[in-house]
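Data first, discussion second: the structure below is written as structure tokens.
Chains as they are written, first to last, in my numbering: chain A, 1 to 188; chain B, 189 to 437.
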């Protein structure tokens, strides 16, 4: 009798240790490691997309527009901000910072990119947005209605932001849509 | 043109050697446009990287029969079917011909530096980076942003300024056009040539200037007998240059 009890309790102990170890491994792999791998950076100004859309009535294309030569402006230069913010419009802390630190000394805002690709990658916004009629949110996070600029997670090893589009994603879509996958379509 | 005719676009170049003065502007424009690295000491020419090399030719005869000429040599973007010699030997698919444009691309970030392609190329158009590129501080600001710089241990070569094609396409797309017009995409060397000796366009379009020039009786290609079907065509009225080009002495 006592021998059987001993066997049962040691079996139970084994299970408890296994579950604890498993949970510990998951904790390290899912929470600790990403914390170590990615640094979190915040935008120089906490840009409020919601207030610009709703109160100022701006559309996405008012700031993220195409230039005449076919390139995409991405994030706007300071001149676009100055069009409205040569003087503070409201009373928020971030706007005061914009005017005093960037508009008055005429300094560009060092926005951090959420989707910076490596140097050798050529991504054509014109081909995807104008020709293929893709939505911005097919690749980018949807920021409309957000009151805070989301923090940027940067991979400490590669220096690239978390969640940038990987090459296999490009290739798979190009195959599905019957578009060329030749190297020089996207690399230079 | 024989060779590969699968696409309706075959970008090619025509170089008129009778007009070429050997001024090297094309070579300088290329070096500048494509961020081609150089070293402080460039005396050892076999280690120099020159995407567009200008060769000096002469007929080897004494005065008064002495004749000389210059021959600019970019990557000849061979159109051999099914593969150019260089892409055929690449073990990692770092170099491939884009069958929609006929351009032979080389992607340095994928290259492992085995240099098979350098051996395979019949025209010495490929170069190896023996050192990490280094520019004087002031020149770093002048690098072309549309061309990525290479690193030590990879091969590089002329791309017919493919980044200019990408940008020209972008402009067309924003204007709502699918197709490029002639002259919208031109490599830096052709644009820079002060003697107007270089022409660039679509060889597959029979109305283009290059296609017409390619049919001229003065047209020839380098080492034609190898069957590499280069898409760079030379023009010359000189018989001895035609013979040299086929390595007939």
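Note that beta-carbon positions come from the ideal geometry of N, C-alpha and C, so glycine has one too.
{"Check": "Any beta-carbon of chain B closer than 8 Å to the one on residue 66(A)?", "Outcome": "yes"}
{"Check": "Going along the chain, which residues of the stretch 320 to 337 of chain B sit with their C-beta nearer than 8 Å to a C-beta in chain A?", "Outcome": "334, 335, 336, 337"}
{"Check": "Pick out the complete beta strand (DSSP E) segments inside the stretch 21 to 75 of chain A, 3 residues or longer, and give them in chain order.", "Outcome": "38 to 41"}
{"Check": "Note down, in chain order, each residue of its chain lying with its Cβ closer than 6 Å to the Cβ of residue 292(B), except the 5 sequence neighbours on either side.", "Outcome": "265, 272, 285"}
{"Check": "How about residue 268(A) and residue 164(A): are their beta carbons less than 8 Å apart?", "Outcome": "The structure shown does not extend to residue 268(A), since chain A is modelled only from 1 to 188, so the question has no answer here."}
{"Check": "Quick one: is residue 47(A) buried, meaning 16 or more other Cβ sit within 10 Å of its Cβ, or exposed?", "Outcome": "buried"}
{"Check": "Along the chain, which unbroken stretches of the beta strand (DSSP E) at least 3 residues long are found entirely within the stretch 328 to 358 of chain B?", "Outcome": "343 to 345"}
{"Check": "Take residue 98(A) and list the residues in its own chain whose beta-carbon comes closer than 7 Å to its own, dropping the five residues that flank it on each side.", "Outcome": "45, 81, 85"}
{"Check": "Along the chain, where does the beta strand (DSSP E) that runs through residue 284(B) open and close?", "Outcome": "283 to 285"}
{"Check": "Could you tell me the alpha carbon to alpha carbon distance between residue 411(B) and residue 259(B), rounded to whole angstroms?", "Outcome": "14 Å"}
{"Check": "What residues from chain A crowd round residue 267(B), counting only those whose CB sits closer than 8 Å?", "Outcome": "Correct list: empty, because the minimum Cβ distance to chain A is about 15 Å."}
{"Check": "Let me know the secondary structure DSSP gives residue 316(B) once reduced to three states.", "Outcome": "strand"}
{"Check": "For residue 217(B) versus residue 238(B), is the C-beta spacing smaller than 8 Å?", "Outcome": "no"}
{"Check": "Here's a check: name, in chain order, each residue in its chain whose Cβ is nearer than 6 Å to the Cβ of residue 308(B), leaving out the five neighbours to either side.", "Outcome": "273, 274, 277"}
{"Check": "Could you pull the DSSP bridge partners for residue 294(B) from this structure?", "Outcome": "283(B)"}
{"Check": "Any contact between the stretch 219 to 238 of chain B and the stretch 199 to 207 of chain B? By contact I mean 3 or more CB pairs, one from each, below 8 Å.", "Outcome": "no"}
{"Check": "Taking the CB atoms as reference points, tell me whether residue 263(B) and residue 313(B) lie closer together than 8 Å.", "Outcome": "yes"}
{"Check": "Starting from the Cα of residue 299(B), find the closest Cα among 315(B), 287(B), 310(B) and give me that residue.", "Outcome": "315(B)"}
{"Check": "Consider the Cβ of residue 149(A): report whether some Cβ of chain B lies at a distance smaller than 8 Å.", "Outcome": "no"}
{"Check": "Can you check which of these residues, 375(B), 366(B), 302(B), 335(B), is closest to residue 317(B) by C-alpha distance?", "Outcome": "302(B)"}
{"Check": "DSSP puts residue 243(B) in a beta bridge; with which residues?", "Outcome": "259(B)"}
{"Check": "Is there a Cβ of chain A sitting closer than 8 Å to that of residue 276(B), yes or no?", "Outcome": "no"}
{"Check": "Which residues share a DSSP beta bridge with residue 187(A)?", "Outcome": "121(A)"}
{"Check": "Please return the same chain residues whose Cβ sits closer than 6 Å to the Cβ of residue 373(B), not counting the five positions on each side in sequence.", "Outcome": "352, 353, 356"}
{"Check": "Using the beta-carbon count (16 or more within 10 Å), is residue 282(B) buried or exposed?", "Outcome": "buried"}
{"Check": "For a quick check, are the C-beta atoms of residue 390(B) and residue 197(B) less than 8 Å apart?", "Outcome": "yes"}
{"Check": "Would you mind telling me which residues of chain A sit closer than 8 Å to residue 293(B), beta carbon to beta carbon, in chain order?", "Outcome": "182, 183, 184, 187"}
{"Check": "Which of the three DSSP states is assigned to residue 407(B) in this structure?", "Outcome": "strand"}
{"Check": "CA-CA distance, residue 177(A) and residue 139(A)?", "Outcome": "16 Å"}
{"Check": "For residue 143(A), which three-state DSSP category applies?", "Outcome": "coil"}
{"Check": "Along chain A, which residues have their Cβ under 9 Å away from the Cβ of residue 357(B)?", "Outcome": "70, 124, 126, 127"}
{"Check": "Mind pulling the chain A residues with CB within less than 8 Å of residue 286(B)?", "Outcome": "180, 182, 183, 184, 185"}
{"Check": "Is residue 361(B) close to chain A, meaning its C-beta is less than 8 Å from at least one C-beta of that chain?", "Outcome": "yes"}
{"Check": "Strictly by DSSP, which residues pair up with residue 423(B)?", "Outcome": "204(B), 407(B)"}
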